[in-house]
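Undergrad: The numbering used here runs 699 ahead of the 1-based position in the sequence shown.
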Amino acid sequence: MPAEAASALFQVVAQRYLETSIVITTNRSISEWGEVLGDTTVAAAMLDRLLHRSVVLKLDGDSYRLRDHHARSENHRTAAGTIRRPLQ
700 MPAEAASALF
710 QVVAQRYLET
720 SIVITTNRSI
730 SEWGEVLGDT
740 TVAAAMLDRL
750 LHRSVVLKLD
760 GDSYRLRDHH
770 ARSENHRTAA
780 GTIRRPLQ
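#1: Please report the distance separating the alpha-carbon of G733 from that of A705.
#2: Only counting the same chain, and skipping five residues up and downstream in sequence, which positions put a Cβ closer than 8 Å to that of S728?
#3: Assess, as a yes-or-no matter, whether the region 707-725 is touched by the region 743-750 under the definition of 3 or more beta carbon pairs within less than 8 Å.
#4: One question on the structure: do A702 and G737 come within less than 9 Å of each other, judged by their Cβ atoms?
#5: Just to confirm the assignment, what range does the alpha helix (DSSP H) spanning V755 have?
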């Protein structure tokens, strides 16, 4: 993430901290935020505010999108692999 974007996100979190609710969804673990934001100091400060008095819901499981994609791909392969014989 560009430094300007990370800084802007931090400013939003800092301004809303203790004032109102914040909901964030991500597919990255908390331990990866320093790498994602490109600055471990900003990530630590942001996470400090976000995790204070927070509820973290971690969902594990198969992706519905990937499951549906695999099902469509399998159907496509089956249809593409069908041999049609000419009518006599």
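Think of the CB as a built atom: it goes at the ideal place given N, C-alpha and C, for glycine as much as any other residue.
TA: Result, derived from the coordinates:
#1: 10 Å
#2: Nothing listed; no residue qualifies.
#3: Three or more Cβ pairs closer than 8 Å define a contact, and the region 743-750 meets that threshold against the region 707-725.
#4: yes
#5: Unbroken run through V755: none, as it is neither H nor E.
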